[in-house]
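Asker: Attaching a single structure in structure tokens format; questions to follow.
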Amino acid sequence: MMRRLLCLAPWMALAAAASAQVRSADVVYTHREGIATRGLRLGDELFLPLSTLSEIGWSATPRNGEALLEAEGTRTSITLRNVGGKDCIPLRRALEKLGATSVWEDRSDVLKVLTPLTKIVAKDGTVQIESPLGFRTEVSTLISPLRVVFDFKGATLDPSIGQDVDGTAKISQYRPDTVRLVMDVLVLPKLASGRLDPARSFHFDLPRRPREADKPQIQPPVNPERVPPVVQPTPIDVTLDLEGPAATLLRVELPTSLTGEPKISRTAPDVVEVFLPGVLGTLADGSRPKTDAVANVAVRNDADGTTITLYLSTPMGSEVWANGNTVSIQLLKPGLEGKLAGKVIVVDPGHGGHDGGAKSNNAREKDLTLSIGKLIAAELAAQGATVIMSRKTDVFISLDARANLANRNNADLFLSVHINSTGGSGTQSGGITFFHRQDSVRKLLADCIQREIAKVSGLPSLGTWSDNRIYKSGFAVLRQTKMPGVLLELGFINHPRDRARMLTADFQQKIAKAVVRGVRVYLGDVEAN
Numbered sequence: 014m015m016r017r018l019l020c021l022a023p024w025m026a027l028a029a030a031a032s033a034q035v036r037s038a039d040v041v042y043t044h045r046e047g048i049a050t051r052g053l054r055l056g057d058e059l060f061l062p063l064s065t066l067s068e069i070g071w072s073a074t075p076r077n078g079e080a081l082l083e084a085e086g087t088r089t090s091i092t093l094r095n096v097g098g099k100d101c102i103p104l105r106r107a108l109e110k111l112g113a114t115s116v117w118e119d120r121s122d123v124l125k126v127l128t129p130l131t132k133i134v135a136k137d138g139t140v141q142i143e144s145p146l147g148f149r150t151e152v153s154t155l156i157s158p159l160r161v162v163f164d165f166k167g168a169t170l171d172p173s174i175g176q177d178v179d180g181t182a183k184i185s186q187y188r189p190d191t192v193r194l195v196m197d198v199l200v201l202p203k204l205a206s207g208r209l210d211p212a213r214s215f216h217f218d219l220p221r222r223p224r225e226a227d228k229p230q231i232q233p234p235v236n237p238e239r240v241p242p243v244v245q246p247t248p249i250d251v252t253l254d255l256e257g258p259a260a261t262l263l264r265v266e267l268p269t270s271l272t273g274e275p276k277i278s279r280t281a282p283d284v285v286e287v288f289l290p291g292v293l294g295t296l297a298d299g300s301r302p303k304t305d306a307v308a309n310v311a312v313r314n315d316a317d318g319t320t321i322t323l324y325l326s327t328p329m330g331s332e333v334w335a336n337g338n339t340v341s342i343q344l345l346k347p348g349l350e351g352k353l354a355g356k357v358i359v360v361d362p363g364h365g366g367h368d369g370g371a372k373s374n375n376a377r378e379k380d381l382t383l384s385i386g387k388l389i390a391a392e393l394a395a396q397g398a399t400v401i402m403s404r405k406t407d408v409f410i411s412l413d414a415r416a417n418l419a420n421r422n423n424a425d426l427f428l429s430v431h432i433n434s435t436g437g438s439g440t441q442s443g444g445i446t447f448f449h450r451q452d453s454v455r456k457l458l459a460d461c462i463q464r465e466i467a468k469v470s471g472l473p474s475l476g477t478w479s480d481n482r483i484y485k486s487g488f489a490v491l492r493q494t495k496m497p498g499v500l501l502e503l504g505f506i507n508h509p510r511d512r513a514r515m516l517t518a519d520f521q522q523k524i525a526k527a528v529v530r531g532v533r534v535y536l537g538d539v540e541a542n
């Protein structure tokens with residue numbers, strides 16, 4: 014018996030060592046930006062519990078020590094392994110069997126899953142793309158010259174895969190997780206939507222300008238009264254109305270009134286989209302407002318209306334309104350711009366002292382906000398900003414005192430750091446950046462920062478919210494400060510995954526760098542990407 018135990022001892026030691034090396038890790042799956050699935054890392058492999066496979070659209074049936082996988086339209090089997098008390102599949106090995114790739118992000122426990130494009134055809138006005146995993150396609154158009162841009166999110170180019178493209182097309186790895194195809198065209202297509210549902214293949218036929226001989230002969234209808242009228246697209250011309258040092262006002266004249274209120278949104282810090290309900294539009298020839306604020310203009314249609322996309326030369330706040338047949342778009346320049354160096358910025362770690370803020374499993378909001386706030390302050394100072402912290406230790410500071418500190422020092426920006434909670438065990442996960450009321454310049458600051466946070470947090474991005482969604486008058490520190498400011502809710506302390514992630518040094522350091530980069534994008538100090 015003793016001899017058997019001695020023989021087993023090395024294996025028991027190895028098993029114990031392996032168990033000690035298991036730690037939580039996140040999976041970011043192809044196009045699912047900002048949505049992370051939690052797994053277990055052991056060495057270079059990530060083990061995904063069977064119970065979480067549905068989060069990436071997979072399913073598995075355990076059978077005789079193996080898992081029969083159904084993933085991305087393919088059936089395969091892979092060895093099961095019990096890790097951390099859970100039946101898991103080795104995800105990286107499974108991805109390799111499917112023909113996909115995965116890579117650990119630098120110095121983190123975040124696994125990025127990407128799909129190589131296995132078929133690329135772009136010639137004679139036809140686009141055909143195929144891959145083993147689903148990707149998301151975004152389509153946009155440019156003028157001067159006319160071009161169609163296809164962005165395949167979650168995809169990579171494999172040098173070993175041939176490309177069947179002609180001289181009208183250029184394809185490249187635009188970003189680490191995005192392949193971009195640009196095609197020269199004679200006629201801009203009428204796109205049903207700028208962002209298409211994820212799929213493993215994509216097919217698109219570009220319109221061609223017909224020759225006279227190709228035009229069909231129209232025969233008179235048998236009963237003209239029953240033939241619906243042909244709706245012609247409205248030429249849309251975006252023109253400059255007024256321009257001043259703080260704002261640019263654009264105007265769009267329409268032949269009829271809109272069927273509803275125009276809506277404005279931001280897809281990137283320097284890209285603004287204006288939706289015109291009930292309008293079928295096409296970009297007027299040579300349409301581009303005579304202002305340096307706008308680099309380019311594009312138009313696309315769907316069943317509900319037309320979207321005007323403005324590509325700005327620098328991030329700007331934006332507002333839209335309609336008066337009869339006239340749509341006005343106002344672009345607001347931030348009150349400060351240029352380099353981060355020399356700016357005065359107040360960093361406000363929330364809560365403190367007897368006010369512990371939210372707490373869960375011995376984790377306290379006041380401790381997390383102070384730790385992250387110090388890192389943000391250090392990163393800002395390293396890049397030349399003058400930083401004032403509302404607190405550097407575990408002390409209580411009133412809301413009024415925090416706002417007064419920023420106003421008294423004529424701060425350029427105000428950054429308040431918080432951790433969210435819904436109480437109880439919690440199912441809500443992710444980060445939010447708040448701005449005050451409907452202030453478009455403060456919303457721009459929030460958009461710039463939240464966009465950078467979403468890239469590195471490993472948690473879902475819940476976007477940017479106006480603070481009057483929570484309180485009618487907004488948050489006191491944002492309401493009382495005179496400069497642009499935001500309140501960051503970096504995650505939910507009562508959500509197990511959020512809490513575990515926020516407690517890591519990796520998360521805190523990445524958040525600090527992301528916040529500072531977001532500020533620099535807002536200032537125009539660096540380009541958005």
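First residue of the sequence shown: 14, per our numbering; consecutive thereafter. Beta carbons: idealized from backbone N, C-alpha and C, even for Gly. From a predicted model like this one, the values you see are computed outputs, not experimental measurements.
#1: What distance in whole Å lies between the Cβ atoms of THR446 and LEU491, which are believed to be in contact at a cut-off of 8 angstroms?
#2: What's the C-alpha gap between ASP69 and SER121?
#3: How would you write the range of the alpha helix (DSSP H) that GLN493 sits in, first residue to last?
#4: Give the secondary structure of LYS228 by DSSP, where H, G and I count as helix, E and B as strand, and everything else as coil.
#5: Would DSSP call ILE142 helix, strand or coil?
#6: Which residue spans inside the region 279 to 313 form an unbroken beta strand (DSSP E) run of at least 3?
#7: In terms of residue numbering, what span does the beta strand (DSSP E) encompassing ILE524 cover?
#8: Does the separation of the CB atoms of GLY369 and ARG377 fall below 8 angstroms?
#9: Curious, which full-length beta strand (DSSP E) runs of at least 3 residues does the region 50 to 125 contain?
#10: Have a look at the DSSP bridge pairing and note the partners of GLU266.
#11: Do the CB positions of THR329 and LYS346 come within less than 8 angstroms of each other?
#12: In this structure, how does DSSP classify VAL329 when only helix, strand and coil are distinguished?
#13: What are the boundary residues of the alpha helix (DSSP H) that GLN463 is part of?
#14: ALA38: which of LEU82, ASP511 and ILE524 sits nearest, CA to CA?
#15: Report all residues from its chain with a CB closer than 6 angstroms to the CB of VAL195; omit the five preceding and five following residues, and keep chain order.
#16: Relative to the C-alpha of VAL563, which candidate in VAL192, LEU344 and GLU274 has its C-alpha closest?
#17: On the criterion of 16 or more Cβ atoms from any shown chain inside 10 Å, does ARG224 qualify as buried, or is it exposed?
#18: Whole angstroms is fine: what's the gap from ARG514's alpha carbon to GLY471's?
#19: Does the region 460 to 478 come close enough to the region 513 to 530 to have 3 or more Cβ pairs within less than 8 angstroms?
#20: Would you say the region 140 to 149 touches the region 161 to 180, given that touching needs at least three Cβ pairs under 8 angstroms?
#21: Count the other CB atoms, across all protein chains shown, that sit within 10 Å of the CB of ASP327; report buried if there are 16 or more and exposed otherwise.
#22: Who are the near neighbours of ASP488 in its chain, counting only those whose CB is closer than 6 angstroms to its CB and skipping five residues on each side?
#23: With respect to the alpha helix (DSSP H) encompassing ASP511, which residues constitute its N-terminal and C-terminal limits?
#24: Cα separation between GLN141 and ARG404?
#25: Note down the Cα distance separating GLY86 from GLY363, rounded to an integer number of angstroms.
#26: Who does HIS216 pair with in a DSSP beta bridge?
#27: Are there 16 or more other CB atoms within 10 angstroms of the CB of GLU540, so buried, or fewer, so exposed?
#28: With ILE410 as the anchor, note down where its beta strand (DSSP E) starts and where it stops.
Answerer: Straight from the coordinates:
#1: Translated into positions along the sequence shown, residue 491 becomes position 478. Translated into positions along the sequence shown, residue 446 becomes position 433. The pair is not a contact, with the Cβ atoms about 11 angstroms apart (cut-off 8 angstroms).
#2: Against the sequence shown, residue 69 aligns to sequence position 56. Against the sequence shown, residue 121 aligns to sequence position 108. According to the sequence displayed, residue 69 carries Ile and not Asp. Looking at the two C-alpha atoms, the distance is approximately 20 angstroms.
#3: Counting from 1 along the sequence shown, the entry for residue 493 is found at position 480. From DSSP, the alpha helix (DSSP H) with GLN493 extends over 489 to 493.
#4: For the purposes of this step, residue 228 is taken as the residue at position 215 of the sequence shown. No answer about LYS228 holds up, because its pLDDT of 47 lies below 50 and its placement is not dependable.
#5: Along the sequence shown, read from residue 1 onward, the residue named residue 142 stands at position 129. If DSSP states are grouped into helix, strand and coil, ILE142 belongs with the strands.
#6: 284 to 290 and 294 to 296
#7: Taking the sequence shown and counting its residues from 1, the one referred to as residue 524 is at position 511. Not the beta strand (DSSP E): ILE524 falls in the alpha helix (DSSP H), residues 518 to 536.
#8: Walking along the sequence shown from the start, residue 369 turns up at place 356. Walking along the sequence shown from the start, residue 377 turns up at place 364. In this structure, ARG377 lies closer than 8 angstroms to GLY369 by Cβ.
#9: 58 to 62, 72 to 76, 79 to 84, 87 to 92, 94 to 96, 99 to 103 and 114 to 117
#10: Here residue 266 refers to the residue found at position 253 of the sequence shown. BP columns for GLU266 point to THR339.
#11: By one-based count along the sequence shown, residue 329 stands at place 316. By one-based count along the sequence shown, residue 346 stands at place 333. According to the sequence shown, residue 329 is Met rather than Thr. Yes, Cβ-Cβ distance for MET329 and LYS346 is below 8 angstroms.
#12: As a working mapping, residue 329 is identified with position 316 in the sequence shown. According to the sequence shown, residue 329 is Met rather than Val. MET329: coil per DSSP, three-state reduction.
#13: Stepping through the sequence shown from its first residue, residue 463 is reached at position 450. Here the alpha helix (DSSP H) through GLN463 covers 453 to 469.
#14: Working through the sequence shown from its first residue, we reach residue 38 at position 25. Residue ASP511 is the option with its Cα nearest to ALA38.
#15: Counting from 1 along the sequence shown, the entry for residue 195 is found at position 182. Here the set comprises ARG160, VAL162 and LYS183.
#16: Shown here, the chain extends from 14 to 542; a query on residue 563 therefore has no answer.
#17: In the sequence shown, residue 224 corresponds to position 211, counting from 1. Bear in mind that the predicted position of ARG224 carries a pLDDT of just 45, short of 50, making it unreliable; the figure below should be weighed with that in mind. Classification for ARG224: exposed.
#18: Position 501 of the sequence shown holds residue 514. Position 458 of the sequence shown holds residue 471. ARG514 and GLY471: Cα-Cα distance of roughly 8 angstroms.
#19: yes
#20: yes
#21: Numbered from its first residue, the sequence shown carries residue 327 at position 314. Contrary to the premise, residue 327 reads as Thr rather than Asp in this sequence. Buried: at least 16 other Cβ atoms inside 10 Å.
#22: Here residue 488 refers to the residue found at position 475 of the sequence shown. Rather than Asp, the amino acid found at residue 488 in this sequence is Phe. Excluding positions up to five away in sequence, the list reads ASP480 and LEU500.
#23: Position 498 of the sequence shown, counted from the start, is the residue given in the question as residue 511. Run containing ASP511: 509 to 515, per the alpha helix (DSSP H) assignment.
#24: Along the sequence shown, read from residue 1 onward, the residue named residue 141 stands at position 128. Along the sequence shown, read from residue 1 onward, the residue named residue 404 stands at position 391. Roughly 57 angstroms between the two C-alpha positions.
#25: For this step, residue 86 is matched to residue 73 along the sequence shown. For this step, residue 363 is matched to residue 350 along the sequence shown. Rounded to whole angstroms, GLY86 to GLY363 spans 48 angstroms at the Cα level.
#26: Counting from 1 along the sequence shown, the entry for residue 216 is found at position 203. In DSSP, HIS216 forms a bridge with GLN141.
#27: Walking along the sequence shown from the start, residue 540 turns up at place 527. Exposed, since its Cβ has fewer than 16 Cβ neighbours within 10 Å.
#28: As a position in the sequence shown, residue 410 is number 397, starting the count at 1. Taken as a continuous stretch (DSSP letters only), ILE410 belongs to no beta strand (DSSP E), as it is neither H nor E.
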